[in-house]
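Asks: Shown below is the structure under consideration.
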Amino acid sequence: MSAPVVVTTRAELAAALAPARRAGHRVGFVPTMGALHDGHAALLREARSLVGDGAVVASIFVNPTQFGEAADLEQYPRTLEADVKVCEREGVDVVFAPDVAEMYPHGTGDDDAVMVRPGPLAKVLEGRSRKGHYRGVLTVVAKLFGLVRPDVAVFGQKDYQQLVMIRRMVEDLCMGVDVVGAETVREPDGLALSSRNVHLDEDQRRQATALSRTLYAAVENAVYGLGPALDEARAVLRESDGVDLDYLEVTTPDLDPLPDDPAPGTEARILIAARVGTTRLIDNLPLTIGRID
Ligand code: PAF
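Position in the sequence shown (from 1) plus 2 gives the number in the numbering used here.
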């Protein structure tokens, strides 16, 4: 496996992608903030399988506009050398690792530059406690799409709200990128892989499995209807110590509210967010409500 070309400027990125574009090859793209783990590796593999002989690009950029607290931004792990090794293992062709000035030449504030207004979904679920977060995410993804001009981009289902909102942006702003959601990668005990898991101590790591156990309890009982599914999920949470629940919600797959009495066979999504110690974790799963006989 040959090492990817690592570029930091827009001009270098364009030059690195020129041969693939001239040859008419497809371009697959995985945007990341680095600190790559096996979940990211799965996204890179998915991108490769989608474009075949085409070019796979990964971006590594800790995006300041999606952080609420300056301290969180400063403390975010920056591990470029190790990340490039992961990209090499997964057959990535180009790593784009710009600095803030390259991505935001006019600045990062509303008064400095054009920013994406994220629409109604920014007010639900994660958006309720992370003001401005999706404005930052959608803005940087729009910019990265403009620079990389991918045919297909792969995001994890782990950040399900992010995935749905990016799909919605691509549709509403006519961006013409195929957005693929890759399944969440889990530890053997069900914990979803996340760069935040490193902040959990041994006890908290055990407690954190309550999130996926809660979701699976709902999924397994959804056949009996939404009420029983949520009852079983809440029972798991009641028996779990150390988990400070933010929300447990069932929505449509597009994150709209479910009808009061969903018909048997209704496809839905269950989403959870909770704090374990000081670490905020999220997870979600698809589920089908009621049995179709
Ligand atoms: O999911 C992430 O890592 C980030 O939110 C993304 C999509 C790379 C935008 O900065």
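Note that CB positions come from ideal geometry on N, CA and C, so glycine has one too.
Can you determine whether any heavy atom of the ligand PAF sits closer than 6 angstroms to the C-beta of residue 297, and answer yes or no?
Replies: The requested residue 297 does not occur in the structure, where the chain is confined to residues 3 to 295.
Asks: Using only alpha-carbon positions, find the residue among 100, 187, 92 and 233 that is nearest to residue 51.
Replies: Ranking the options by Cα distance to residue 51, first place goes to 92.
Asks: On the three-state DSSP scale, how would you describe residue 15?
Replies: In this structure, residue 15 counts as helix in the three-state DSSP scheme.
Asks: Hey, is the stretch 146 to 153 in contact with the stretch 8 to 25, meaning 3+ C-beta pairs nearer than 8 angstroms?
Replies: With a cut-off of 8 angstroms, the stretch 8 to 25 and the stretch 146 to 153 count as touching, because enough Cβ pairs lie within range.
Asks: Just grab the DSSP bridge partners of residue 155 for me.
Replies: Answer is 31 and 181, bridged to residue 155.
Asks: Considering only the alpha carbon of each residue, which of 36, 261, 45 and 251 lies closest to residue 2?
Replies: Because the chain here runs from 3 to 295, residue 2 falls outside it and cannot be looked at.
Asks: Exposed or buried, what is residue 176 when buried is set at 16 or more other beta-carbons lying within 10 Å of its beta-carbon?
Replies: By the 10 Å Cβ count, residue 176 comes out exposed.
Asks: Give me the residue from 216, 33 and 47 with the minimum Cα distance to residue 275.
Replies: Of the candidates 216, 33 and 47, the one whose C-alpha sits nearest the C-alpha of residue 275 is 216.
Asks: State yes or no: is the C-beta of residue 142 nearer than 6 angstroms to some heavy atom of the ligand PAF?
Replies: Within the cutoff, so yes.
Asks: Which residue from 244, 62 and 213 puts its Cα closest to that of residue 251?
Replies: Considering only alpha carbons, the answer is 213.
Asks: With 16 as the cutoff for other CB atoms within 10 Å, does residue 77 come out buried or exposed?
Replies: By the 10 Å Cβ count, residue 77 comes out exposed.
Asks: Go to residue 144, then tell me how far its alpha helix (DSSP H) extends in each direction, as first and last residue.
Replies: 135 to 150 is the span of the alpha helix (DSSP H), which, as asked, contains residue 144.
Asks: In its own chain, which residues sit with a C-beta less than 7 angstroms from the C-beta of residue 56, not counting the 5 before and 5 after it?
Replies: Excluding sequence neighbours, residue 56 sits near 22, 27, 28, 29 and 30.
Asks: Closest to residue 290 by CA distance: which of 231, 35 and 277 is it?
Replies: Closest by alpha carbon: 231.
Asks: In this structure, how does DSSP classify residue 189 when only helix, strand and coil are distinguished?
Replies: Residue state, collapsed to three classes: coil.
Asks: Residue 243 and residue 211 - do their beta-carbons sit closer together than 7 angstroms?
Replies: Cβ distance not < 7 angstroms, so residue 211 and residue 243 don't count as in contact.
Asks: Measuring straight from C-alpha to C-alpha, what distance separates residue 272 and residue 16?
Replies: Cα to Cα, residue 272 sits roughly 40 angstroms from residue 16.
Asks: Report all residues from its chain with a CB closer than 6 angstroms to the CB of residue 121; omit the five preceding and five following residues, and keep chain order.
Replies: Answer for residue 121: no residue qualifies.
Asks: In whole angstroms, give me the CA-to-CA distance for residue 156 and residue 43.
Replies: When rounded, the distance between both Cα atoms is 11 angstroms.
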